[in-house]
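Residue numbers (the numbering used here), protein chains in the order written: chain C, 180 to 265; chain P, -6 to 496; chain U, 135 to 425.
Structure below.
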C-alpha cells in the first residue's frame, strides 16, 4: 500500500499520514480543534484539490501548526507516498 | 443579570461596578475570636474534628503555603470522610494537583462547596463536569481576607498546617522539616475562624516572634508529616530560556526605563512566571549598573529577590508567600525579609496595604480582550486552570500594571474580542506586552504620551489582535451555552464573572 | 550592513514562526547540519511554504544549502529559490564551488524572473578555503565571508577552545580579505549558548580583530552580539564632534586640526564618518544630532 508520513509531534508542528484509499477521508486531531478544525480541513481539501488527488486517507495530528506548516507537511507526505510507490 | 462589564452573573448576586467602588463602602468586621483557655494538644485529627465540633454543612479552611507538597488538606478530608460528615465547604486559599483525592469526596457529596483563590489540577475538572453541588467561589488573595473578616466567608474550623508549634501553642513557618517561610495567607483564618486547629509535625519549646499567636489557637494536633518539601517549591520559578519570552521581557524593561520606573527607592512586584523572572533579572542588571536601590519588592517571593536583598539592591521584601526554599531560609534569617498577612497585602478595606504602594507590577495572562480585561482563571475553553491569586489586587493597587504574554500560544491568539472569563477588570490594566507589539490602555494618556516617543512598537490593542489573526487565522467563536458552576468574586465582594461547565 | 546572523534550523516550525521577532539583522535558514539527511525534503518544503507567506520581513533572509559536492545542494536551491532570499550561504566553500553556485543562481534567477542578484556567503571552514581566501573574497556575488571554526579546526586536526587562540589566524585573514575587497566579515558562532560572559568576550575579541558581524546559533545570543556591534552613545557623540570640528576646519582650509589637544587628521575623520553611517543605519541618530 502507498503511504507517506511527514512532520512531527513537536509544538507548532503536525504529523501527517497519507494513505492510498478507495474512500476519500480527512481525519484531524488538533490541540486547537475547537477553534481551527474547519480551517484545517478546508486547507487540506484545497491542497489536495489543487493537485487533483482523490483516493487518499489523510490523518493529521496537530500540535498547533500554522497553515503553511500544515501545507508543507502535507506536500512532503504526498511526495513521500509517491516516492514509496516508484 | 449582567454586571457593569456586561458579564452574565447569578441572579441576586452583588454585581461588579468598578474597581474602586469599594471606596464608597464601609468595612465590615465580625468579632475576632480569642480564647482565654489554654491550647489543647491532641494526637489525632479524628480527635481534633470531634473537639472542634465539626458537623455536616460546616466550612473548614486551609492555606496553601505548602503548595503542591501539602498533605494536610487530604488528611483532614480523609478523617472527615471516615466520620461520614457530609456537605462540607472547603475554604482553601489555593488547591493544587496533589489535592486530587478530593475529587472522590466531591463526587460522593462529602465536599459540596469550595471557596478558593486558585485551582490547579484535577479538582477543576470535576467542577467543570458539574460534580460540585454548590457554586464554586473564586476570590482574590486580598478578597479572601475581606470575605473572612466580614463574615461573607464564615469559617467554622480552620485547619492550619504549621511547620513548627511551641508548648504554648504558638506557630511558625520558619522551622521544622516542612518549613515553608511566611504564613501570610492564613492570618485571617487564624483571627476569625470559630475554632482553630494547628496541624504540625514539629513541636519545639518556644518560638520567638511566632506568626501564629496562641491566643487565637484552640487545638494543636500533631501528625507524622504535614508536607513534602519537594512539592513546596513552586514549579515556575526558573527564568525563561525561551527567546520569545526573553524578547517580551526585554521590551518590558525598556518600557520600565522609558517610564523612569527603575529609580532610587522604587517598588515592584512580579509574578513567578518565566517571563516575569526574566524581567527581574534584567531590572537587576540595570540596578547594579546604575547603582539604584529599590525600597521594596513584594508578593510571592522567589530566590531571585532574596539574592537582590542580600546584594543590597532591595531594602525590604514584603512576603506573603515563599515560592522556594531559599526564600523560606531568607525569611527565617533576614530581618528585612518581612512576612505580611493577606489583609496587609491586598485587602481593599485594610489601610496602607502593600499593593497600593507599588510603583509597578508585572503579571501574566491566559487571555486579554479588547477592553484590556484579563483572564488568568480559565483557558479559552472555560476550564479552570488557575485563578486570580493576587492578580486583581496588585493590578488595582500598583501605579502601572503591565501584562506580559505571548501573542500566540500554540496557535491560539491570546488577545480576544472578549475574554472567556474576567479575572481582572481592564480598567486596572495599563500595558500589554507581547512579542509582536505593545498595547496601552487608552485611558492612560500619560503613558501613551511618553511611550509613543520611543521606538517601542506601540499599537492599539485591536491591531495586536489583527496581527495574531493574520498569523494564525481567526479562531472560531465558542458558543457557551453550558450551565454555570461557579463565579469569580472581585476583591470587594462583587461578582465579576461566572464560571461554566465544560463539555 | 548586518551585525548578527542567526542560524535557524530549516525544519523547525516553532522557530520559523518567530524568526522575525528575535532581533536578528539577518537570519540563515539552515538546510545543512541542522537537518538530518532523512528530513531534507521536509525542510525544503517547509521553508518554501514559509517564504511564500513573507512580505517585507524586516530582516535579511539567507539559506544555508547543503554543499555542492552532493546533489542535495542543487535540489535545495531549486526548491527554495525565491525573490525574498537575499543570499545563499555555502558550506565547505572553495573557489570552484562558488563559481558553480554563481552559475546556478544565474540560471534560476532568469528562469524565475528574479530581478535581484542573489548574493553568496561562503563559509570558510576548510584549510584550503583559508588558503584561497584572497581569491574567494573577490569572486562576483560574494558579499561576505563567514568563518566556520568548528569544521575548520576539525579539518586542521586541532583542538577548538573557548578562548579561540587557535583561530586567530583565519579570523585575521578573513578580516583582512574582507576589508581589502569591501565585503563583510562574519565571525564564527559561539557554541556554548548558556555562557553569556563567554559570548561577550569572544565577540569583543572578534570585533577587535576586524570582524564586523557575528553569527548566532541561539536567539538569546543576539542581544549581546547586536549590542557589541552597535556604536555606543559615547562613540557617537565623539564622532559627531570630530565631524563637526572637521567642517569648521575645512572652512578655514586646514587639513589637520586639534580637538581636546589631540591631532585630528583625515583617517580619524573618516573613521568617525563610518561610525556615524553605522549609527544612522541602526536609527541611533536623531535629526538634530547631526546639526
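Where a beta carbon is used, it is the ideal one built from N, C-alpha and C, also for glycine.
This one's a predicted model, so the numbers in the text were calculated from it and none came from an experiment.
| Item | Value |
| --- | --- |
| Length-filtered (4 minimum) alpha helix (DSSP H) runs lying within the region 349 to 410 of chain U | 356 to 362, 367 to 385 |
| C-beta atoms of residue 134 of chain P and residue 338 of chain P nearer than 9 Å | yes |
| Min CB distance residue 428 of chain P to chain U below 9 Å | yes |
| Contact with chain P by residue 354 of chain U, beta-carbon distance below 9 Å | yes |
| Contacts that residue 210 of chain C makes with chain P (C-beta to C-beta distance below 7 Å) | 403 |
| Distance, residue 412 of chain P Cα to residue 151 of chain U Cα | 25 Å |
| Chain C within 9 Å of residue 466 of chain P, Cβ atoms only | yes |
| Within-9 Å CB hit, residue 191 of chain U to chain C | no |
| Cα-Cα separation, residue 271 of chain U to residue 304 of chain U | 13 Å |
| Distance between beta carbons of residue 204 of chain P and residue 175 of chain P, contact taken as under 8 Å | 7 Å |
| Residue 361 of chain U classed as buried or exposed, judged by whether at least 16 other C-beta atoms fall within 10 angstroms | exposed |
| Candidates P/46, P/449, P/167, P/382: closest to residue 240 of chain P by CA position | P/449 |
| Contact test: residue 179 of chain P Cβ vs the ligand ADP heavy atom, cutoff 8 Å | By its list of ligands, the structure shown contains no ligand whatsoever, and the ligand ADP lies outside what it can speak to. |
| Expected contact under 8 Å - CB spacing of residue 512 of chain P and residue 93 of chain P to nearest Å | With chain P covering only -6 through 496, there is no way to say anything about residue 512 of chain P. |
| CA nearest to the CA of residue 217 of chain C, picked from P/482, P/467, P/488 | P/467 |
| Minimum Cβ-Cβ distance from residue 227 of chain C to chain U less than 9 Å | no |
| Closer than 7 Å at the beta carbon, the chain C residues around residue 180 of chain U | 248, 251 |
| Span of the alpha helix (DSSP H), counted from its first residue to its last, around residue 330 of chain P | Residue 330 of chain P -> not in any alpha helix (DSSP H); beta strand (DSSP E) instead, spanning 330 to 332. |
| Contact under 9 Å by Cβ, residue 312 of chain P with residue 292 of chain P | yes |
| Cβ pair residue 125 of chain P, residue 99 of chain P closer than 9 Å | yes |
| C-beta neighbour in chain P for residue 370 of chain U, strict 9 Å | no |
| Cβ-Cβ distance between residue 213 of chain P and residue 246 of chain P below 9 Å | no |
| Residues bridged to residue 158 of chain P (per DSSP) | P/164, P/196 |
| Identity of the residues DSSP links to residue 433 of chain P by a beta bridge | P/424 |
| For residue 308 of chain P, the three-state DSSP class (helix, strand or coil) | strand |
| Among P/96, P/397, P/-4, nearest to residue 265 of chain P - alpha-carbon criterion | P/397 |
| Distance between residue 237 of chain P and residue 428 of chain P (C-alpha atoms, nearest Å) | 6 Å |
| Chain C residues whose Cβ lies nearer than 9 Å to that of residue 175 of chain U | 185, 255, 258, 259, 262 |
| Secondary structure of residue 265 of chain U, DSSP reduced to three states | helix |
| Whether residue 187 of chain P touches residue 150 of chain P by CB criterion (9 Å) | yes |
| Inter-stretch contact at 8 Å, needing at least 3 Cβ pairs: the region 343 to 360 of chain P / the region 379 to 390 of chain P | yes |
| Residue environment, residue 247 of chain U, which counts as buried when at least 16 other CB atoms sit within 10 Å | exposed |
| Closer than 9 Å to chain P by CB, residue 203 of chain C | no |
| Other residues of its chain near residue 239 of chain U: CB distance less than 6 Å, five sequence neighbours each side excluded | 252 |
| Chain-ordered chain C contacts of residue 469 of chain P [CB-CB under 9 Å] | 213, 214, 215, 216, 217, 218 |
| Members of the region 188 to 220 of chain U that neighbour chain P once the beta carbon cut-off is set at 7 Å | none |
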